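Chains as they are written, first to last, in this note's numbering: chain L, 1 to 368; chain C, 1001 to 1306; chain V, 2001 to 2175; chain H, 3001 to 3185.
Just so you know, even glycine gets a beta-carbon here, dropped at the ideal spot from N, CA and C.
This one's a predicted model, so the numbers in the text were calculated from it and none came from an experiment.
Okay, structure first, notes after.
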Amino acid sequence: MKEVKLFLGPQHPGMHGNSSIHMYVDGDIIKRSYLLPGMLHRGFEKSMERRTWMNNIALIPRICVPEPDPNEMVFALNAEALASVEVPERAHWIRMLVLELARLSAHLMAFGGIGGPTGLYTAMYWAQADRDSILTLFEEITGQRVYHMYITIGGVRKDLPKGIEKKILAFVDDLESRLPDYENLVLNNPSVQARTKDQIMLPAEVVWELGVTGIGMRSSTGKAYDLRKVTPYARYDKVEFDVPTATYSDAHTRLTLKYLEMYQIIRIIRQILDLMPAGKVREKALDGSALRWQVPAGQVYSAVEASRGEYGYYTVSTGGTMPYRVAVRGASFPQATLGIEKYLPGHRIDDAALWFDTMGICSPEIDR
Amino acid sequence: MVINQLPLQILTGLAILAFAFFWQTSLSGITRKIVARYHKRYGPKWYQEFRDIFKLMSKTGVTHGWVYDFGVMMALGGIMATVMFMPLMKFTAFPGFDNFFIYVYLFAVGMLGMAMSAVGSGNPLAGIGVMRALTQMVGYEVPFMIVVLAIINGHGTSSLSQLAAIQQQAGVLSWNLVKMPIGTVAAFICLLGMLGKKPFETFIAPAEIASGPMVEYGGKQLGMLMILHQFSIFIEVSLFMNLFLGGAANPLGFALKYMAVYVLASLISQAMGRFKIDQVIKFFYKIPIALAILQAVMVVYLGWGV
Amino acid sequence: MSKINMQLKELTENVGKSYSVLQVDYPTPNQAALDFQPGDVHAVLAYLKGQGFRQMSLLSCVDWIEDGQFQLVYLLFNWEAGLRLQVRTRIDRANPVFTTVTGIYPGAKYYERDVHEFFGVEFNGNPDSSKPLFLENWDDMPPMRKDFDPQAYSDRKYKAREYKTDFNTKAGEGQ
Amino acid sequence: MATADKEKKLKEGWEGISRFFRANSLWMLMYCTGCCAIELPQAMTSRYDMERLGMGPMATPRQADVLLVTGYLSVKTLRRVIYAYEQMSTPKYIVAFGPCTINGGIYHDAATVIKSLDQYLPIDVYIAGCMPKPEAVMNGFQDLIDMIKDKTADGWKRYRDNYDWYKQNQIESLGELRIKDEYHE
Chain L
1 MKEVKLFLGP
11 QHPGMHGNSS
21 IHMYVDGDII
31 KRSYLLPGML
41 HRGFEKSMER
51 RTWMNNIALI
61 PRICVPEPDP
71 NEMVFALNAE
81 ALASVEVPER
91 AHWIRMLVLE
101 LARLSAHLMA
111 FGGIGGPTGL
121 YTAMYWAQAD
131 RDSILTLFEE
141 ITGQRVYHMY
151 ITIGGVRKDL
161 PKGIEKKILA
171 FVDDLESRLP
181 DYENLVLNNP
191 SVQARTKDQI
201 MLPAEVVWEL
211 GVTGIGMRSS
221 TGKAYDLRKV
231 TPYARYDKVE
241 FDVPTATYSD
251 AHTRLTLKYL
261 EMYQIIRIIR
271 QILDLMPAGK
281 VREKALDGSA
291 LRWQVPAGQV
301 YSAVEASRGE
311 YGYYTVSTGG
321 TMPYRVAVRG
331 ASFPQATLGI
341 EKYLPGHRID
351 DAALWFDTMG
361 ICSPEIDR
Chain C
1001 MVINQLPLQI
1011 LTGLAILAFA
1021 FFWQTSLSGI
1031 TRKIVARYHK
1041 RYGPKWYQEF
1051 RDIFKLMSKT
1061 GVTHGWVYDF
1071 GVMMALGGIM
1081 ATVMFMPLMK
1091 FTAFPGFDNF
1101 FIYVYLFAVG
1111 MLGMAMSAVG
1121 SGNPLAGIGV
1131 MRALTQMVGY
1141 EVPFMIVVLA
1151 IINGHGTSSL
1161 SQLAAIQQQA
1171 GVLSWNLVKM
1181 PIGTVAAFIC
1191 LLGMLGKKPF
1201 ETFIAPAEIA
1211 SGPMVEYGGK
1221 QLGMLMILHQ
1231 FSIFIEVSLF
1241 MNLFLGGAAN
1251 PLGFALKYMA
1261 VYVLASLISQ
1271 AMGRFKIDQV
1281 IKFFYKIPIA
1291 LAILQAVMVV
1301 YLGWGV
Chain V
2001 MSKINMQLKE
2011 LTENVGKSYS
2021 VLQVDYPTPN
2031 QAALDFQPGD
2041 VHAVLAYLKG
2051 QGFRQMSLLS
2061 CVDWIEDGQF
2071 QLVYLLFNWE
2081 AGLRLQVRTR
2091 IDRANPVFTT
2101 VTGIYPGAKY
2111 YERDVHEFFG
2121 VEFNGNPDSS
2131 KPLFLENWDD
2141 MPPMRKDFDP
2151 QAYSDRKYKA
2161 REYKTDFNTK
2171 AGEGQ
Chain H
3001 MATADKEKKL
3011 KEGWEGISRF
3021 FRANSLWMLM
3031 YCTGCCAIEL
3041 PQAMTSRYDM
3051 ERLGMGPMAT
3061 PRQADVLLVT
3071 GYLSVKTLRR
3081 VIYAYEQMST
3091 PKYIVAFGPC
3101 TINGGIYHDA
3111 ATVIKSLDQY
3121 LPIDVYIAGC
3131 MPKPEAVMNG
3141 FQDLIDMIKD
3151 KTADGWKRYR
3161 DNYDWYKQNQ
3171 IESLGELRIK
3181 DEYHE
């Protein structure tokens, strides 16, 4: 039979974000497939070379839309490592709080987002409604709903508003009481199980071959490969949490891990609010006006655990007012590019959108 | 009520057609509201579906060749003809022509027209959608037919109005729902497949094949398709009602039964994901067909539930 | 510098015994940056992969235009020990050719395409690396090179909205 | 003379009725071109519930009435947005989100991002904000509805009348408009 070419995206209800998968199908089976990225390419790495260190804080959240805070964190970590700045204790805890809230919102979006490819739209509506509450909290903490520009070099931009702890706790309690509903709706749903169990496998060899990180890696290797545990940044070594893992990685396992991680995030958030000390939230990193800061020369890479995996920046400074070069490691780059080329073929057309979704692919961070 | 003159019969048919359109389109809007509550939202106005259809009719349409245009017309014509034959409460436009098999054949005309038109649009996704729709049809038709044949065998008639009349003899207890519960369950699952509700939504599947057969439709053609959609829902739900819920003797009973069936199907749809097409076929050839055969054996050989 | 991970120090010393390391640097306590001659890189990467550095996080490139060199940076990570290595080498900017590492790290394939597209570095042995990926109909030099001016390109290529100017900045102001 | 008058009136009456239906049943083509798409789910779900206005997402350009350009457009996307827009059946509207569609916004100096969308496609409504909050999104849609009602949402007519000018701009920035995109495989 003749191969037919189908497009999944850029304009396709099954595609999140703006990128395209070219699929050559024979019957219902995908024979060859390629990702065509670049629809979201904005030349971030070049733009960052043209802005001062502080101006960059306003630019970088836009690299990854669903979860922008890791961008600010890695950028700040790099600059602090180069300039040898000690961040105040309270700032570490606030950073963790913001990162965990961001992770929770990204997980909710991804977990409910399974409603798109499987057709269970109710999950999407519920999860988005809960995500909206997190965005409201963010608005109160940082002044912005989505792009916060909150974590800066030397700490965070401002202290937490008064009484926010109560609101966060109330939200977290409420969400935790309703998480079993999500489990019943999505994970225990027979039709979702039919679509996800034993489907869309990700064996450990593939993980190592591609360099997949995050939930994909933990779901097949069975080890707690989480940067928060392996190389703790901020104060992740002071809080207790488990990293859910598994050794058999089908789409359902990866969804389950996402669900279990939400409980751990809630646990971390409670500890943060409990243990957070008082004090300064920002150290002046360098002398002079923030817009004329000259970060000492050096080349450093920092990475944090985003909801999709290892998210890092490689920063090169030559001591100027602007970074000399910043390279972005999008967490889902390996599975989206080489993964689609090598491991999507063999699946059915029905699975393509689900594959894209459960591998945790975020197109803006691939295109940059 | 028996009407003997042809002009009057046609007028009655048109009246049924008009009623079917307004009833089902309003109900679709109401169901959208109910579903919205399920999603924790308010939802649109109840007459939103009318707005959508009239808006589409006021837009310009693009044509993809005469097969495409002709197919839509043929589909709409076929379905409208089917609706005109449908008994509605006490009214039957063409008495004696409400045999179950008439609907099966007339309905097929509409489906074929739809398939022709969609393939005529030339989009591979539409082709895949049509293939899936036909494959799914093969899946649900067999168990549904087995149950219906068991009913016809049991009651000794294949006329819808007579089947309804038989079931109305002793109130609720003579409904096929009570007499043949297993068959009703099988038929309801098949009804979900017919309506294209999840988990049997494979041929629309926006996330996979971008709404399948409808992928190239826009403007007036899409408007006609939506009218067609409303009519086919009316036919399918009415068939189910007449076969299992004892038809409807009065407007209130009609409204309640119809709404119960359609809203239940829509709500199930909201709590389910969609199967893949191979899973759909495997499912239909496992559970509903087993239930249907069990029911048929009970009716035909054991004489239960007649 | 006292806090540097002992394991990392040991490792860099071991690498130094077998290969000629041009320079060692510790940007953070669990990260080391090692510079090599271009010819050594593949052997070093193969050795390090055997030492637990099973993941290549990123392949990046830095354009040192004043030195006339491109610097290729391979970022490796050891998940068991939590150690990170920058393996760096410099190649000639006028003739940017290097050999692929896809034999050692298959995941490098698309990073090499990325570097080729944005810097123009050719990777021998990776036949796909010269195909365009992110850019479409690109008609200028690779855009991440230091001498490429995106503002000028953008002004030349894309029409901008015309504004009435109510206020003119004095020379040197607002820049 | 009288019949012509009558016909005209009839036509206007029909137009008025159509406009009423069009205004209250806007189907969106959610072509998520950029970041601003992230607030659309919020505008669609519980808190703001866009379906109250009769708006809903649609799968393909043919079915849709409104093209949402959510944010910056790289040249690669612009080419596909133009395909999508030309496939939609008239009357059709474009809602542009964020500063990036007005003058390039924060990406004004990026080599792959266009500066001003209205040079290439006609825009009916701009929604300001980076990114626009759901309130702003809803407000923008309400504006579009009002504009359709009072006949000022005529972007598709402008596109038809100035087709050559738009085409020329598109070709100037994009080079060839139709591109075979198998080059990367």
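- Measuring C-alpha to C-alpha distances from G279 of chain L to each of L:H41, L:I94, L:N18, L:I29 identifies L:I94 as the nearest.
- Taking a C-beta cut-off of 8 angstroms against chain H, the contacting residues of the region 130-155 of chain L are R131, D132, L135, R145, V146, Y147, listed in chain order.
- Taking a C-beta distance under 7 angstroms as the contact criterion, T2100 of chain V and F2123 of chain V qualify as a contact pair.
- No Cβ of chain V is located within less than 7 angstroms of the beta carbon of E67 of chain L.
- Within chain V, the C-beta atoms nearer than 7 angstroms to that of A3111 of chain H come from P2143, P2150, Y2153, S2154, in chain order.
- Closest in C-alpha terms to L1106 of chain C, from the list C:V1215, C:G1127, C:S1232, comes C:S1232.
- When the five nearest sequence neighbours on each side are left out, the beta carbons in the same chain lying within less than 7 angstroms of the beta carbon of R235 of chain L are those of H92, W93, M96, in order along the chain.
- Under the Cβ distance rule, I3038 of chain H counts among the residues neighbouring chain L, one pair being separated by less than 7 angstroms.
- M1224 of chain C and M3058 of chain H have their alpha carbons spaced roughly 17 angstroms apart.
- Scanning its chain for C-beta atoms nearer than 7 angstroms, with the 5 sequence neighbours on each side dropped, one finds around M1057 of chain C the residues K1220, G1223, in chain order.
- Each residue's CA atom was taken as its position, placing S1158 of chain C and L1027 of chain C some 29 angstroms apart.
- Within the model, the alpha-carbon separation for D287 of chain L versus P61 of chain L is close to 25 angstroms.
- Look at the beta carbons and you see the region 238-257 of chain L not touching the region 282-297 of chain L: under three pairs across the two are nearer than 8 angstroms.
- Look at V2062 of chain V here: in three-state DSSP terms it is strand.
- Taken through DSSP and simplified to helix, strand or coil, N2030 of chain V comes out as coil.
- Beta-bridge analysis with DSSP links G1247 of chain C to no other residue.
- Under a 10 Å Cβ-count criterion, K284 of chain L is classified as exposed, with fewer than 16 other Cβ atoms of the shown protein chains found around its own Cβ.
- Taking the beta carbon of D3049 of chain H as reference, the chain C residues within 8 angstroms of it are A1036, R1041, Y1042, G1043, listed in sequence order.
- Nearest C-alpha to D250 of chain L among L:D357, L:I272, L:E209: L:D357.
- The beta carbon of R270 of chain L sits closer than 8 angstroms to the beta carbons of L169, V172 from its chain, once the five residues preceding and following it are set aside; these are given in chain order.
- Against chain V, the CB of R32 of chain L has no partner CB under 7 angstroms away; the residue lies outside that interface.
- A residue is called buried when at least 16 other Cβ atoms come within 10 angstroms of its Cβ; Y3159 of chain H meets this threshold and is buried.
- For T3045 of chain H, the chain C residues whose Cβ falls inside 9 angstroms of its Cβ are H1039, K1040, R1041, in order along the chain.
- Our two residues, P345 of chain L and Y248 of chain L, have alpha carbons roughly 20 angstroms apart in a direct line.
- Under the rule that a run must span 3 or more residues, the beta strand (DSSP E) segments found entirely inside the region 2040-2125 of chain V read 2055-2064, 2069-2078, 2083-2092, 2097-2099, 2122-2124.
- At least one C-beta of chain H is nearer than 7 angstroms to the C-beta of G1219 of chain C.
- Bounds of any beta strand (DSSP E) do not take in H3184 of chain H, whose DSSP letter is neither H nor E.
- The beta carbons of I1268 of chain C and L1163 of chain C sit about 25 angstroms from each other, so the pair does not count as a contact at 8 angstroms.
- At least one beta carbon of chain H lies nearer than 7 angstroms to the beta carbon of S1058 of chain C.
- A straight line joining the alpha-carbon of D2063 of chain V with that of K2146 of chain V spans about 6 angstroms.
- In the DSSP assignment, R95 of chain L falls within the alpha helix (DSSP H) that extends over 89-113.
- D2040 of chain V sits buried, since 16 or more C-beta atoms from the chains shown fall within 10 Å of its C-beta.
- Taking 7 angstroms as the cut-off, the beta carbon of G330 of chain L is found no closer than this to the beta carbon of L210 of chain L.
- Nearest to A2033 of chain V by C-alpha distance, out of V:A2043, V:H2042, V:V2015, V:A2046, is V:V2015.
- DSSP places N3103 of chain H in the helix class (H, G or I) of the three-state scheme.
- The Cβ neighbour count for D237 of chain L, taken over all protein chains shown within 10 Å, is under 16; the residue is labelled exposed.
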